[in-house]
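Chemist: Residue numbers (the numbering used here), protein chains in the order written: chain E, 1 to 161; chain D, 1001 to 1730. Ideal Cβ positions, reconstructed from N, Cα and C, are used throughout, including at glycine. In this text, all values refer to a predicted model and were calculated from it rather than measured experimentally. Input: one structure, supplied below.
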């Protein structure tokens, strides 16, 4: 998996001050996407052990509430497989003291929980490692800049824990 | 599109740049020399165009004097020495003529609202209204008298050249001090006198609030700087009101023949107490913003909220209720002329983060959450960390102290009175003179030895100017400001007594200000304060400044203290002076502002936490006052992040604030961030991103530019600074 960028003081993508990881690769291709260059799976740099370590270090300070994974599409099958081992490391190190938010263009019940191309052998584990899932595609017609942590009003903030 | 440049005339008026005027001046000088030295018409045009080119590159309206300097330089570059000589002599003669009278034109132009400098000098004053103009006229006279008669020539010269800044010269002619902590407790508990009328101890909370605002107005009219009041001093009147309400309700029950259960009785009493608090707090908010003092502005007042000041559990609980109401009232805002709730500039609010409110489990965490919401919506309160302040402000008895700054950021020194008791309310600051550190660095031309030499000379020049300030206050009679000196705001002297004893021994402070540490260090070693070598040199300079204030304090028994100057409009003046003296130096004088105090440059990408942690080291060395800020976007949707920053402040820095955004466009009703753009003349103007409105009279913009919120717009230098601010979280 490649990733586009890591932000260490993010307040726009989840509660509190967060570290956010923007992964590469997305097949949703929503019209009006804010991050089109990250559609390409080859965009950015390889997500290496060193990058993982840097993110773990950035999560350390008390003022950091947790980790947000967005993209790109974290729930692309190959991205799920790359992210699950990393999320296990996050939980091993921090337990539940840090929150994990995942943003996806998929819909939880009809795409991630149902038998679709999105559902892999690690999907359930990945969801169990997260606290919050922000789901649903970005729909330009439902765009609303005043929404909290979301781009369009069809998207939902789902507490998984 | 070719942009239409503007120039600033000597009177302060802005007019379009006219190249023909430059050609004319050169032509006249050329006609005055021998034929062989004269310039051809083509050369004259060429020189004039080069001058125009230099002016265009400056990106702001240049002053006539600056343009004439450029003309001189260009004439020399073109080898027209004789013509340059004539030109210089002509300028000199004109200058003599002008000096015959220095204030007439200034005053006339400000009455006709043509004086751009005055218009944008103070972002809390509206210079088009009569009462403000009267204050400005008095200011012009005071400046004129001070410069010609009261101050030594070298101080005036250095002030004019922007080497130092002699603050508040528009008030210097009078015997006035800067800012203070009002001893509201003494005035309310023991009575006071306002305009010859006896005011007794109030019988209810709302009356106490009413009297407090009258005191604020009186105090503000007798000094030029800010003042602070503590809500703790109002808290005892909640109990006074409660007793009165209990008696009233008891009578009501008796007369109606109703026997009420104690529980119901208490519930009704508390409900009425809440109402009483609400009424009092609204009085303060609305009276303060609508008051116009004799200084032509709302009083610069800070309201201090510190639970730790309460002397009993009852008082603390009542104080918490008042604080809650103040925060709720501020979140609501005040109505503008269209009836829409907007962010008021005053009173400024300060909330102390302390053990009993800083963690989720603490008793008053709900107040801290409310404060976070208020900051996100209205930019205030600002935050003092009890933890850091106890470490920093240790008095002679070895005890740490927590107290508010005077108005915006000036902090008193720790002090105990003759009985060995800590004393803060009733104390004041005598005034400020600021050293332009950037000028020192550039004058040294990269030579460190020379830098410290000039640094020493300039510090002593500031010292001399500060001594003038002190002397100006010496011998002042208590009658000059009865509310301050006779009726308790500061003390209770007799009529005809001198205030001198309060000028020595640490009762009051006097401030050596500094500005542009960022550019100073960069000019010296090419490093930023955010780099290890830059930080090291920056701290060294700060320590040296403290050595000077300590030395003077010891010699004169006056509390000289180092102060991180909020260069409001002066930032533009300093930048212009630096450009005139040293040209455009990359990273140093290439902007129309210089950085306040020790701050990290506004364009430097750095996150909020690193910034606060770094600046805390400098703030510790700025005991006379300083405030750090972080620039943030609209955070109303993420209060948890606001709270994370507040907790970080508690652990790391004594005094800090968050710059949030909440503007309003009266044309289209847009509620968000109004943007800064360049107009066709290349001037920076405010523009609504939704409807494109650029009429400042129909925009409500609030930004923090010093320690206060300004809402009357700013000069070009400060506006550029605001435009270029980077966000420290996003």
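Taking the beta strand (DSSP E) that residue 1161 (chain D) belongs to, which residues open and close that run?
Modeler: Position 161 of the second chain, counting from 1, holds the residue named residue 1161 (chain D). Here residue 1161 (chain D) belongs to no beta strand (DSSP E), and DSSP marks it neither H nor E.
Chemist: How many Å lie between residue 1147 (chain D) and residue 1066 (chain D) at the Cα?
Modeler: As a position in the second chain, residue 1147 (chain D) is number 147, starting the count at 1. As a position in the second chain, residue 1066 (chain D) is number 66, starting the count at 1. Looking at the two C-alpha atoms, the distance is approximately 21 Å.
Chemist: Tell me which residue opens and which closes the alpha helix (DSSP H) that residue 152 (chain E) is part of.
Modeler: Within the first chain, the letter at position 152 stands for residue 152 (chain E). Looking at the DSSP string, residue 152 (chain E) is not in any alpha helix (DSSP H), and its letter there is neither H nor E.
Chemist: Would you mind working out which of D:1671, D:1184 and D:1718 sits nearest residue 145 (chain E), comparing C-alpha positions?
Modeler: Taking the first chain and counting its residues from 1, the one referred to as residue 145 (chain E) is at position 145. Among D:1671, D:1184 and D:1718, the Cα nearest to that of residue 145 (chain E) belongs to D:1671.
Chemist: Is residue 39 (chain E) helix, strand or coil when you go by DSSP?
Modeler: Taking the first residue of the first chain as 1, we reach residue 39 (chain E) at position 39. DSSP places residue 39 (chain E) in helix when its eight states are reduced to three.
Chemist: Is there a Cβ of chain E sitting closer than 7 Å to that of residue 1729 (chain D), yes or no?
Modeler: Residue numbering aside, residue 1729 (chain D) sits at position 729 when the second chain is read from its first letter. Closer than 7 Å to some Cβ of chain E, the Cβ of residue 1729 (chain D) qualifies, so yes.
Chemist: Mind reading off the beta-carbon distance from residue 1649 (chain D) to residue 1307 (chain D)? Whole number of angstroms is fine, and I expect it under 8 Å.
Modeler: Taking the second chain and counting its residues from 1, the one referred to as residue 1649 (chain D) is at position 649. Taking the second chain and counting its residues from 1, the one referred to as residue 1307 (chain D) is at position 307. 17 Å between Cβ atoms; not a contact.
Chemist: Would you tell me roughly how many angstroms separate the C-alpha atoms of residue 1330 (chain D) and residue 1223 (chain D), rounded to the nearest one?
Modeler: On the second chain, residue 1330 (chain D) is found 330 positions in, with the first residue counted as 1. On the second chain, residue 1223 (chain D) is found 223 positions in, with the first residue counted as 1. The straight-line gap from Cα to Cα measures roughly 26 Å.
Chemist: Between residue 1387 (chain D) and residue 1235 (chain D), what straight-line distance do the alpha-carbon atoms span, to the nearest angstrom?
Modeler: The residue you call residue 1387 (chain D) lines up with position 387 of the second chain. The residue you call residue 1235 (chain D) lines up with position 235 of the second chain. C-alpha separation (whole angstroms): 24 Å.
Chemist: So which residues on chain D does residue 63 (chain E) lean against when the C-beta distance must stay under 8 Å?
Modeler: Indexing the first chain from 1 puts residue 63 (chain E) at position 63. Simply 1609, 1644, 1645, 1647 and 1648.
Chemist: Can you give me the start and stop residues for the beta strand (DSSP E) that residue 71 (chain E) sits inside?
Modeler: Translated into positions along the first chain, residue 71 (chain E) becomes position 71. Start and end: 64 to 71.
Chemist: Report the partner residues of residue 1364 (chain D) according to the DSSP bridge assignment.
Modeler: Counted from its first residue, the second chain places residue 1364 (chain D) at position 364. According to DSSP, which records beta bridges pairwise, residue 1364 (chain D) is partnered with nothing at all.
Chemist: Report the rounded CA-to-CA distance for residue 50 (chain E) versus residue 79 (chain E), giving the unit in angstroms.
Modeler: Sequence index remark: in the first chain, residue 50 (chain E) carries index 50 (1-based). Sequence index remark: in the first chain, residue 79 (chain E) carries index 79 (1-based). When rounded, the distance between both Cα atoms is 17 Å.
Chemist: Of all Cβ atoms in chain D, is any one closer than 7 Å to the Cβ of residue 16 (chain E)?
Modeler: Reading the first chain from its first residue, position 16 is the one you call residue 16 (chain E). At least one chain D Cβ lies under 7 Å of residue 16 (chain E).
Chemist: Determine which residues of the region 1616 to 1641 of chain D have a Cβ less than 7 Å from any Cβ of chain B, and write them out in chain order.
Modeler: Among the chains of the structure shown, chain B does not appear; the protein chains present are E and D.
Chemist: Start and end of the beta strand (DSSP E) containing residue 1513 (chain D)?
Modeler: Taking the first residue of the second chain as 1, we reach residue 1513 (chain D) at position 513. Run containing residue 1513 (chain D): 1509 to 1515, per the beta strand (DSSP E) assignment.
Chemist: Anything in chain D within Cβ reach of residue 69 (chain E), meaning under 9 Å, just list it in chain order.
Modeler: By one-based count along the first chain, residue 69 (chain E) stands at place 69. Within 9 Å Cβ-Cβ: nothing; residue 69 (chain E) doesn't reach chain D, min ~18 Å.
Chemist: Report all residues from its chain with a CB closer than 7 Å to the CB of residue 1033 (chain D); omit the five preceding and five following residues, and keep chain order.
Modeler: If you number the second chain from 1, residue 1033 (chain D) lands on position 33. Closer than 7 Å at the Cβ level, and outside the excluded window around residue 1033 (chain D), lie 1082, 1083 and 1086.
Chemist: Smallest Cα separation from residue 1112 (chain D): which of D:1130, D:1237 and D:1096?
Modeler: Counted from its first residue, the second chain places residue 1112 (chain D) at position 112. Among D:1130, D:1237 and D:1096, the Cα nearest to that of residue 1112 (chain D) is on D:1130.
Chemist: Output the distance between the C-alpha atoms of residue 1280 (chain D) and residue 1104 (chain D), rounded to the nearest integer angstrom.
Modeler: Within the second chain, numbered from 1, the residue matching residue 1280 (chain D) stands at position 280. Within the second chain, numbered from 1, the residue matching residue 1104 (chain D) stands at position 104. So the alpha carbons of these two residues sit roughly 46 Å apart.
Chemist: By alpha-carbon positions, which one of D:1057, D:1641 and D:1012 ends up nearest to residue 1004 (chain D)?
Modeler: The sequence position of residue 1004 (chain D) within the second chain is 4, counting from 1. Out of D:1057, D:1641 and D:1012, D:1057 has the C-alpha closest to the C-alpha of residue 1004 (chain D).
Chemist: Would residue 159 (chain E) pass as a contact of residue 132 (chain E) if the rule is Cβ separation under 7 Å?
Modeler: For the purposes of this step, residue 159 (chain E) is identified with residue 159 of the first chain, where counting begins at 1. For the purposes of this step, residue 132 (chain E) is identified with residue 132 of the first chain, where counting begins at 1. The answer is yes: Cβ separation under 7 Å.
Chemist: Would you report the Cα separation of residue 1304 (chain D) and residue 1012 (chain D), rounded to the nearest angstrom?
Modeler: Numbered from 1 along the second chain, position 304 holds the residue referred to as residue 1304 (chain D). Numbered from 1 along the second chain, position 12 holds the residue referred to as residue 1012 (chain D). Roughly 39 Å between the two C-alpha positions.
Chemist: Rounded to the nearest angstrom, what separates residue 1433 (chain D) and residue 1596 (chain D) at their Cα positions?
Modeler: Translated into the one-based positions of the second chain, residue 1433 (chain D) becomes position 433. Translated into the one-based positions of the second chain, residue 1596 (chain D) becomes position 596. Rounded to whole angstroms, residue 1433 (chain D) to residue 1596 (chain D) spans 14 Å at the Cα level.
Chemist: For residue 1245 (chain D), verify whether its CB is less than 6 Å away from any heavy atom of the ligand MG.
Modeler: This structure does not include the ligand MG; it has no bound ligands of any sort.
Chemist: Run the CB neighbour count on residue 1366 (chain D), radius 10 Å, all protein chains shown included, and call it buried at 16 or more, exposed below.
Modeler: Mapped onto the second chain, residue 1366 (chain D) falls at position 366. So residue 1366 (chain D) counts as exposed.
Chemist: Tell me whether residue 1230 (chain D) sits in a helix, a strand or coil according to DSSP, three-state version.
Modeler: Walking along the second chain from the start, residue 1230 (chain D) turns up at place 230. Strand, per DSSP.
Chemist: Tell me the rounded alpha-carbon separation between residue 1503 (chain D) and residue 1382 (chain D).
Modeler: Looking up residue 1503 (chain D) in the second chain gives position 503. Looking up residue 1382 (chain D) in the second chain gives position 382. Between residue 1503 (chain D) and residue 1382 (chain D), the C-alpha separation is close to 29 Å.
Chemist: I'd like to know whether the C-beta atoms of residue 1631 (chain D) and residue 1725 (chain D) end up nearer to each other than 7 Å.
Modeler: As a first step, residue 1631 (chain D) is located in the second chain; it is residue number 631 there, counting from the start. As a first step, residue 1725 (chain D) is located in the second chain; it is residue number 725 there, counting from the start. Their beta carbons are under 7 Å apart, which means residue 1631 (chain D) touches residue 1725 (chain D) by this criterion.
Chemist: Please list, in chain order, the chain D residues whose beta carbon lies closer than 9 Å to that of residue 102 (chain E).
Modeler: As a working mapping, residue 102 (chain E) is identified with position 102 in the first chain. None at all; the shortest Cβ gap to chain D is about 18 Å.
Chemist: Would residue 11 (chain E) pass as an interface residue toward chain D - the criterion being a Cβ-Cβ separation below 7 Å?
Modeler: Within the first chain, the letter at position 11 stands for residue 11 (chain E). Output row for residue 11 (chain E): interface = yes.
Chemist: Taking all protein chains shown into account, decide if residue 1739 (chain D) is buried (16 or more other Cβ within 10 angstroms of its Cβ) or exposed.
Modeler: Since the displayed chain D opens at 1001 and closes at 1730, residue 1739 (chain D) lies outside it and no answer follows.
Chemist: Less than 7 Å between CB atoms is the rule here; does residue 115 (chain E) satisfy it with respect to chain D?
Modeler: Mapped onto the first chain, residue 115 (chain E) falls at position 115. With 7 Å as the cut-off, residue 115 (chain E) does not count as an interface residue toward chain D.
Chemist: Just to confirm, is the Cβ distance from residue 1091 (chain D) to residue 1068 (chain D) under 7 Å?
Modeler: Residue numbering aside, residue 1091 (chain D) sits at position 91 when the second chain is read from its first letter. Residue numbering aside, residue 1068 (chain D) sits at position 68 when the second chain is read from its first letter. Their beta carbons are under 7 Å apart, which means residue 1091 (chain D) touches residue 1068 (chain D) by this criterion.
Chemist: Run through DSSP, which three-state label would residue 1497 (chain D) get?
Modeler: Residue mapping note: residue 1497 (chain D) aligns to position 497 of the second chain, counting from 1. Residue 1497 (chain D) falls in the coil class under three-state DSSP.
Chemist: Measuring only between beta-carbons, confirm whether residue 80 (chain E) sits less than 7 Å from chain D.
Modeler: By 1-based counting over the first chain, the position of residue 80 (chain E) is 80. Taking Cβ atoms only, chain D never reaches closer than 7 Å to residue 80 (chain E), which makes this a no.
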